[in-house]
Structure formats: structure tokens, C-alpha cells
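Asker:
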Amino acid sequence: MNNINTRKQEIETIREKINEVIRYSENYWMIYKKDTFGLATILNLDYKKSYIEILFFPNTDVLEKGATILEIYTPIETQVDFNDILIDPDFDDDDIISPSKIVKRIDKLITEEFQFHLSNLDYEVELIDKKFENYPINNNPYYRTVILYFPGFSTELEVDFEKYPLKPLFYFSKRLSKIIKLEEFLEFEELQQWDDHAAPHIADLIDHLIDVILKRLKLVDYFKNYQILLLENIKAGDLIQHLSLVAHRGQSVGILFNTSNPEFIEKVNIVTLFNSIAGTSQKFSGTIKIFGKFAQLLTKEDQAKIFVLPKPIDSKIAQLKVKNAITYNLELSLEKPLDDEELQARLIEAGLTTIIDELISQGAVWKVITYFKKIMQKRNFLSNLLKLTALNYKKNKKVDELKPIDFLRFSIARALVQKADIIMFSIPEGLFDRLQFKEFKNEIDNIKKEFHTIFLIEAPEEFVEQCDKIITITDKKVDVGRVEDLITQIPQQGEIITIELNYPTTDTLKQLFSVQAIIIEERHNEKYKMFPKIDSKTIIKQIIHILGPELLNFERKKANLNDYIKYFKIQQEQQKINLT
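Residue numbers for the sequence shown follow this note's numbering, so the first one is 147 and each next one is one higher.
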């Protein structure tokens, strides 16, 4: 009888504890099952919908019936692993299981599940971004426009993969639908036999789509790589060695030198690299492919779309107003992507058009429409170009009156008029201040999105760290990646600690330099930057213990590109010392 009363009391205690939980949570509700109380919630993660049941058992059931103190049930597979909670459940001071503590742990696991999902989505974005020019739609990183390039035309599709690994949604542009209908694409084997547990990558599906387009339009296989600039194990000059890079249209690549060599030697090396990519120099080893073609096999037409700036101009252009000089002696081309004429010709050649389509495309009415369409495009082209290059307020200035910054902009504009695929140039130290760097970076972002051009820019750190990809060149090695990728090479995932001191003693400073971190003095006896070799929290405890009242303040933060360079420079110096 006592045991029955004890069980009733424990059950009532569990019920009251559950009431406290649901009072402060809209996500859980109380259930009664297996002669005890519990909680249930809906697991709604967009890509996965299920529910979770949690049953709490009294201690008497465990002692008398051999029951478990806790049961958790969900009907579908999930990344959430409840085993730790089941093996080591939480109790309150009354020695009865604690629903509130259990719920907190479950919520944390659900958050981890969602973060795992986001990491998978981010990986899909990364795979797409390795090969294709693409942009988020409505600021949603998992709903993207992907642009595909072929000789003479481009086309695009939209992919909504927010619920991946569930099957994504695809939307084809009118231009793409002329080559292959969406319904045909959805009949691909990978999509028909979609498996949520072994879902194919979005980038692989797009690759398959490109294969079909190449076959239908009877295009050469190497045009599959018509999206990218590829450098493999490049040696160009004494400083640029073992350089490998993949950049697609619409990307900017920043190049940063940090060597012990004189500046002119660095410039010689960068010019050698630029000219090698442009196909005008053979002073390199390794592989360079421009949109599928080896650099050595580029035609004059191909080379004419690759620019190393600034190019010399004749005296007549120098005396013209900017608005006239931009197009002087050049045929004003249309904005990219190219118009439908090239695609229409390809479709006719491949036999993918009807007689009506051909009559329309060759008829007088169509030609008149196309003619007036081009006139309107040309009128808008120059105005848009002046705005994008920030020259619209300087259009009436003579070219020889332009400041170096604006002459660079003018050179870029001239290149864009000539349908530039790749533009390369150097920004010397001191040409821009920090604000001008930011403005210029915004201009480059807008230009590469509008004209789908690849930029390679050798520049100071302030500009380079904002680029899509970064090449850092030091005395010892060449690194390539995004800022985030480079920074993770620093211990502790790129976390650093800055400390400011209040009149430290010599003995204190000596102790400070004994901690397990690389330390850089930024202001003598006042400010230091630390690269922890072990957990940052442990380092902070150590410096608080060592410095005491001599510690003015400290800050933990993520390293930037400059920190990355400083760290590896110190590493190189230490390696030299070790070798001697």
C-alpha cells in the first residue's frame, strides 16, 4: 500500500513538473501513456516533419518493475541522438526525473539537427559555387539562379533546395526551355529515383544537364568547362609557384603579395602571371585553361576578350571626353548575356526548331524587331556602363584630366565595351584610401554581376580580403581560398585574443610570454595579439592569473586576412631559426 501511495505521489510530482514545462513552452504538450505522464512535440524542420514523445517514469517503477526511468520515441531517422539523455538522464533535488532539464537537452539536440541540415545545404552551395556563376534569389541562400555559358549565348535555371535532401524544385528560363523542356529534365534517372537518404548533389544534376545541352546543340565536349578559368600547378616567375585555382564567371580573385622581395620583383611576377593567362606569354609551367581551352591554343578572338590593364592609349583618345572616348574606335557591343540570335542559329543547326520558328527568325518582321531592340540596348548600354564604373559624373572630362583611380575605371569600361571575359590589373599601395576601396569593391561587384566577367586583381589587403577568392603569395608558399578557408589554417579555427595592459612589470611580461600561444606586440608594453595553441578559454584563465590588475582588458575575436599573413610570417621565421 505504501508503494502504491509513493507511486501516486511521484506520478503527481512528474505531472506538476510537466505543467511547469508547458506553461513556458508553446512547442510541447502533455500526454498520458503507459500509465505515466509525458511530453510530446512536433519536429518541424521544413525538410523533415515528425514528432517526439518523451515518457517519464517514477522511481518505484524502476525499482519494482525494472522499467527505464525515461523513454523517448520518434518514428523517423534523425541526426538527433537521444542515447546520452537515456543513459544519463537529469534529476532534480527531490531525486525524481526532471522534465525541464530533459526538454532543454532535447531542444539543444534539435538545434544541432537543424545546424547539421544547414551545413549540408551550405555544402551544396559550395559545390555549385565551385563551377557555376550563381546568385541567391530574394536573399535566400538555398534558392539560387544558376547561369550556364556556351559559345555565343548563355542560359539559366533556378533551383530551390531549401528542403534538401528532399527533391529540389527547378525552374527553367525561356531560353533553356528552347533546348530542353523542364519535363524532360525531370525524367532524368537521378530525379525519377530520388532517394532522400542518398540524394545526388545539385551540382552533379546541373553537370548532367550541361552534357545533354552539349549533345543536343552538337557542341564540343570541352565547352562543358565554358564556365571556368582553371590554373593547375602554375609556376610563373620566381615567387609564384604551385598555384592552382578554379574561378568561374562573375567571380573576383584578389592577389596579395607578402614577401621580403622588392616591390618591382613582385610586379614582374604578377605581370608574368597575367600575360600567361592572357595567352601572350609562354613563360610559365603548369596548366592554364580558359573556358575549356588551353591557354596555348587560344585564338586571337579569344585573346581579344582577356585584358591586362591599363593599356596604353593614343593621344587622340587622351584628348576626348570620357563619354566619347569609352567607345572610340570600338564597335559598341550589347550587354551580356548575348542576344538570342546565336542560340537560334544553334537550334536551327541542331534541328531543334519548327518551320514556324525558322520563318519567324528569318522573316522581315523579326529582323525589324531585332534591329530596334539593338538600338534601344545600345542607347542604354553607355549610360549603364558610366554608372557602373562611377564615371557618370565625369563623362564630360577629358581622359588626360582623369585621376589615376578614374583612369583605371575608364580602362575597365573600355574593356567591357569589347566584351571582356577576364580583366586583370594591379592596384598600387596608396592609390585608394579605405573608403575608396569599399566604393571600388562595390563597383567591381556590380560589374561582374552585370557583365559576368572574371576579375584578377593584385592589391593591398583592404581590397583583397573582400574578394570571392584570395591568392596569398609569401616567400615560402602560395595559398588559395576564401578568407574563411585561409583563416581556419590558424590554430583554434582562427580565434585570436587581443589584450591591453596597465603598466606591466618585466617579470609579468616574461610570464605572459610563457603561455602556449604565439604573441605579437602591437604597442610596446601596452597591447598584444595572441594566437592560442590550445583552447582560448584556458589561455584567458592563464593570462588573468598572470596579469591580475595589470590586465586592462581583453577581447576574443576571429582573425582577419592580415592576422593570417602575420601568423604565417612568424611561422616561417621560426622555421628558419629551427633550420639554423
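Note that the Cβ used here is the ideal one computed from N, Cα and C, for glycine as well.
Note that the coordinates shown come from a computational prediction; the quantities given were computed from them, not determined experimentally.
For the 8 Å Cβ check, are there 3 or more pairs between the segment 258-272 and the segment 377-387?
Answerer: no
Asker: Does the distance from the C-beta atom of ASN421 to that of VAL399 stay below 8 Å?
Answerer: No, the pair does not count as a contact, with Cβ atoms beyond the cut-off.
Asker: Just how far apart, CA to CA, sit ALA605 and PHE583?
Answerer: 10 Å
Asker: Just to confirm, are LYS533 and GLN465 a CB contact at a threshold of 8 Å?
Answerer: no
Asker: Quick one: give me the first and last residue of the alpha helix (DSSP H) that HIS691 is part of.
Answerer: 682-693
Asker: In angstroms with no decimal places, state the Cα-to-Cα distance between PHE518 and LEU528.
Answerer: Because the pLDDT of PHE518 is 47, which lies under 50, any placement of that residue in the model is unreliable, and the number read from its coordinates should be weighed accordingly. The straight-line gap from Cα to Cα measures roughly 17 Å.
Asker: Do GLN564 and LEU476 have their CB atoms nearer than 8 Å?
Answerer: yes
Asker: Can you tell me the Cα-Cα spacing of THR644 and SER461, whole angstroms?
Answerer: Looking at the backbone, the Cα of THR644 and that of SER461 are separated by about 54 Å.
Asker: Just checking, does the segment 321-330 make contact with the segment 390-410 on the three C-beta pairs under 8 Å criterion?
Answerer: no
Asker: In chain order, what residues of the same chain have a beta carbon less than 6 Å from the beta carbon of GLY425, not counting five sequence neighbours either side?
Answerer: ALA441, LEU444 and GLN449
Asker: Cutting at 6 Å between CB atoms, please list the residues of its own chain near ARG251, excluding the five before and the five after it.
Answerer: ILE231
Asker: In the DSSP assignment, the beta strand (DSSP E) including ARG702 goes from what residue to what residue?
Answerer: 697-704
Asker: One question on the structure: do LEU647 and LEU697 come within less than 8 Å of each other, judged by their Cβ atoms?
Answerer: yes
Asker: Please classify VAL610 as buried or exposed, where buried requires at least 16 other C-beta atoms within 10 Å of its C-beta.
Answerer: buried
Asker: How would you label ILE160, buried or exposed, when you count the other beta carbons within 10 angstroms and need 16 or more for buried?
Answerer: buried
Asker: Which of the three DSSP states, helix, strand or coil, is assigned to ILE423?
Answerer: helix
Asker: Between which two residues does the alpha helix (DSSP H) holding PRO245 run?
Answerer: 245-277
Asker: Considering only the alpha carbon of each residue, which of LYS594, GLU210 and ILE558 lies closest to PRO458?
Answerer: ILE558
Asker: What is the C-beta distance between LYS704 and GLU607, in whole angstroms, given that I count them as a contact (C-beta under 8 Å)?
Answerer: That pair is no contact at about 16 Å.
Asker: Give the list of continuous alpha helix (DSSP H) stretches no shorter than 4 residues that lie fully inside the segment 166-233.
Answerer: 205-211 and 229-233
Asker: Cutting at 7 Å between CB atoms, please list the residues of its own chain near PRO235, excluding the five before and the five after it.
Answerer: For PRO235, the CB contacts under 7 Å within the same chain, skipping 5 residues up- and downstream, are ILE215, LEU216, ILE243 and ILE248 in chain order.
Asker: So LEU658 and ILE689 are supposed to be a Cβ contact under 8 Å. How far apart are they, rounded?
Answerer: The beta-carbon separation of LEU658 and ILE689, rounded to 7 Å, stays under the 8 Å limit for a contact.
Asker: In the segment 331-395, which residue ranges form an unbroken alpha helix (DSSP H) of at least 4 residues, counting only runs that do not cross its ends?
Answerer: 335-338 and 348-362
Asker: Would you check whether the ligand ADP has a heavy atom nearer than 7 Å to the C-beta of ALA186?
Answerer: In the structure shown, the ligand ADP is absent, as is every other ligand, since no ligand is present at all.
Asker: Thinking C-beta only, is ALA393 closer than 8 Å to ILE600?
Answerer: yes
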